[in-house]
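Reviewing the structure listed below.
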Amino acid sequence: MDRLSPRYEIENHTTSVRDDDHDASFTVRRNGKVFYIQISPSQFVNSPIMTEKYMAYLEVLRLGEEVVGDIYDTDVYEWVFTPFEPLFVELAPNTPGDPKDTKLTLHEHLFPDFFVFALDIIDEKRCPRRIPRERSPCRPSFVRFEDDFLDDLEEWTTFYDPVEVTLSFKNPEDALFKQPRKVLIQKGRIECFFKFCHSSVQITRELKTYKMIAAAGLDCQLNLCRIHGVVMDDSDFILGLLLTYIDCAELPLSMRVHPDEPDDHPPAMRQRWIEQLDTGLGRLHEAGIVWGDVKAENVLIDQNNNAWITDFGGGYTEGWVDREMAETMEGDLMGMAKLRKFIFPSE
Numbered sequence: 001m002d003r004l005s006p007r008y009e010i011e012n013h014t015t016s017v018r019d020d021d022h023d024a025s026f027t028v029r030r031n032g033k034v035f036y037i038q039i040s041p042s043q044f045v046n047s048p049i050m051t052e053k054y055m056a057y058l059e060v061l062r063l064g065e066e067v068v069g070d071i072y073d074t075d076v077y078e079w080v081f082t083p084f085e086p087l088f089v090e091l092a093p094n095t096p097g098d099p100k101d102t103k104l105t106l107h108e109h110l111f112p113d114f115f116v117f118a119l120d121i122i123d124e125k126r127c128p129r130r131i132p133r134e135r136s137p138c139r140p141s142f143v144r145f146e147d148d149f150l151d152d153l154e155e156w157t158t159f160y161d162p163v164e165v166t167l168s169f170k171n172p173e174d175a176l177f178k179q180p181r182k183v184l185i186q187k188g189r190i191e192c193f194f195k196f197c198h199s200s201v202q203i204t205r206e207l208k209t210y211k212m213i214a215a216a217g218l219d220c221q222l223n224l225c226r227i228h229g230v231v232m233d234d235s236d237f238i239l240g241l242l243l244t245y246i247d248c249a250e251l252p253l254s255m256r257v258h259p260d261e262p263d264d265h266p267p268a269m270r271q272r273w274i275e276q277l278d279t280g281l282g283r284l285h286e287a288g289i290v291w292g293d294v295k296a297e298n299v300l301i302d303q304n305n306n307a308w309i310t311d312f313g314g315g316y317t318e319g320w321v322d323r324e325m326a327e328t329m330e331g332d333l334m335g336m337a338k339l340r341k342f343i344f345p346s347e
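With UniProt numbering, letter number 314 in the sequence shown gets 314, and the count goes up by one each step, no holes.
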């Protein structure tokens, strides 16, 4: 946000796809605390001007564009959050001590102190209204597994309580504001990528694939993302996976290679990437394992310019693999052919 504003991070916003539902909700994080903000025109009183403005802003949110007409998404966020900034400061004050000493567990991030508000508009004025809630309106996960599947998981991987997982940021204070990517387990000895769990179907397929990769011993031989463990809370909800942390500056292959700039990376380096991908996919197929959603976004290039195969959650992406070939070896080969063309656009 603007430098004169208190620091906070907008985690997400949601709107309805129904034409007759004009509600919106926002999630904001500041200093380790979370604010849930709800907006409904049903709570607007004697405010036709603000109602018209809100409806225009709602369209920007629904379209997910940075700018629609002369309205920027930053205009929308400023309009929504400015009335709450004094409350952000009051309810989520700066933590005492040196920010460099900030240390948060995954449990503290996923189950934070929270506040629920509505943004009412009365006589054309934006009026925050607090809504008392004992329970958070959001849970980090609703995914559970049957006992037999959990018993099998315990045979080949490790379960972690979120209190055993520590957030890791280059700037430690960012742990109070941002979603984690890198986390630490086993008292800080192992770096992992934390993948949030949103779909039971996807996570089940992914876990089965990681089991096959481990059984074939491929996770130790190739540049394949491997699993270090599963994070589960006290209620047996699966919160996420602990995967290989690949230091790629958060840039997948899709953002490392620019088709309009064929000389951006030397041909020898590009050849190295395609050979590593070909080798990895070939060994997967020899073991009877399907990669699945083959695309440039699922290839990571690490700091040593090695190409890594990631994301075994299945599915397909239009333009990379045809729907009828999704999650098949034939689909993998189709996606690999598209990857080769992406890496070597002039061929």
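Where is the CB? At the ideal position from N, CA and C, for every residue including glycine.
Give the DSSP bridge partners of D120, in chain order. As a first step, residue 120 must be located in the sequence shown, where it is residue number 120. For D120, which the question treats as bridged, DSSP gives the partners C127.
Going by Cα to Cα distance, which pick from Q303, H107, I274, G288 is closest to G335? Position 335 of the sequence shown, counted from the start, is the residue given in the question as residue 335. Among Q303, H107, I274, G288, the Cα nearest to that of G335 is on I274.
Quick one: what does DSSP say M1 is sitting in, helix, strand or coil? Locating residue 1 in the sequence shown gives position 1, where the first residue counts as 1. The predicted model places M1 with a pLDDT of 47, which falls under 50 and marks its position as unreliable, so this point remains unresolved.
Going by beta carbon distance, what residues of the same chain come within less than 7 Å of R340, once the five residues before and after it are set aside? Walking along the sequence shown from the start, residue 340 turns up at place 340. I274, listed in sequence order.
Could you give the distance in angstroms between the alpha-carbon of I301 and the alpha-carbon of D234? Walking along the sequence shown from the start, residue 301 turns up at place 301. Walking along the sequence shown from the start, residue 234 turns up at place 234. Cα to Cα, the separation comes out at about 36 Å.
Cβ neighbour criterion (16 or more within 10 Å) applied to G97: If you number the sequence shown from 1, residue 97 lands on position 97. With fewer than 16 other Cβ atoms within 10 Å, it is exposed.
7 Å Cβ shell around T317 - same chain, five flanking residues per side excluded: On the sequence shown, position 317 is the one that residue 317 refers to. Excluding residues within five positions, the ones whose Cβ falls inside 7 Å are D293, K295.
Buried or exposed for Q276, going by 16 or more other Cβ atoms inside 10 Å? Against the sequence shown, residue 276 aligns to sequence position 276. Its Cβ being crowded by 16 or more others within 10 Å, Q276 is buried.
What's the call for residue 413, buried or exposed, on a 16-neighbour Cβ count within 10 Å? The displayed coordinates of the chain run from 1 to 347. Any statement about residue 413 would go beyond what the structure contains.
Whether D119 touches I39 by CB criterion (7 Å): Within the sequence shown, residue 119 is the residue found at index 119, counting from 1. Within the sequence shown, residue 39 is the residue found at index 39, counting from 1. According to the sequence provided, residue 119 is Leu. The question's Asp does not apply to it. Result yes, Cβ atoms of L119 and I39 sit closer than 7 Å.
A337 versus L284: straight-line alpha-carbon distance, rounded: For this step, residue 337 is matched to residue 337 along the sequence shown. For this step, residue 284 is matched to residue 284 along the sequence shown. Taking the straight line from one Cα to the other gives about 16 Å.
Distance between C197 and D2 (C-alpha atoms, nearest Å): Numbered from 1 along the sequence shown, position 2 holds the residue referred to as residue 2. Numbered from 1 along the sequence shown, position 197 holds the residue referred to as residue 197. With a pLDDT of only 47 at D2, under 50, the local geometry of the prediction cannot be trusted, and the value read off the model is given with reservation. Straight-line Cα distance between these residues: approximately 32 Å.
Same chain, Cβ closer than 6 Å to E11, five either side skipped, listed in chain order: Sequence index remark: in the sequence shown, residue 11 carries index 11 (1-based). Excluding positions up to five away in sequence, the list reads T27, R29.
Here's a check: name, in chain order, each residue in its chain whose Cβ is nearer than 7 Å to the Cβ of W291, leaving out the five neighbours to either side. As a working mapping, residue 291 is identified with position 291 in the sequence shown. Excluding sequence neighbours, W291 sits near L281, L284, I309, F312, D332.
Quick one: complete alpha helix (DSSP H) runs, 4+ long, within the region 131 to 163? 147 to 156
Where does C225 fall in DSSP's three states? Looking up residue 225 in the sequence shown gives position 225. DSSP places C225 in coil when its eight states are reduced to three.
Of the residues I185, F159, F193, the one placed nearest F237, counting alpha carbons only: Along the sequence shown, read from residue 1 onward, the residue named residue 237 stands at position 237. Closest option to F237, Cα to Cα, is F159.
Using the C-alpha atoms, what's the distance from P99 back to V183? Numbered from its first residue, the sequence shown carries residue 183 at position 183. Numbered from its first residue, the sequence shown carries residue 99 at position 99. Roughly 18 Å between the two C-alpha positions.
Pull up the distance between the alpha-carbon of S47 and that of Y77, whole angstroms please. On the sequence shown, position 47 is the one that residue 47 refers to. On the sequence shown, position 77 is the one that residue 77 refers to. C-alpha separation (whole angstroms): 19 Å.
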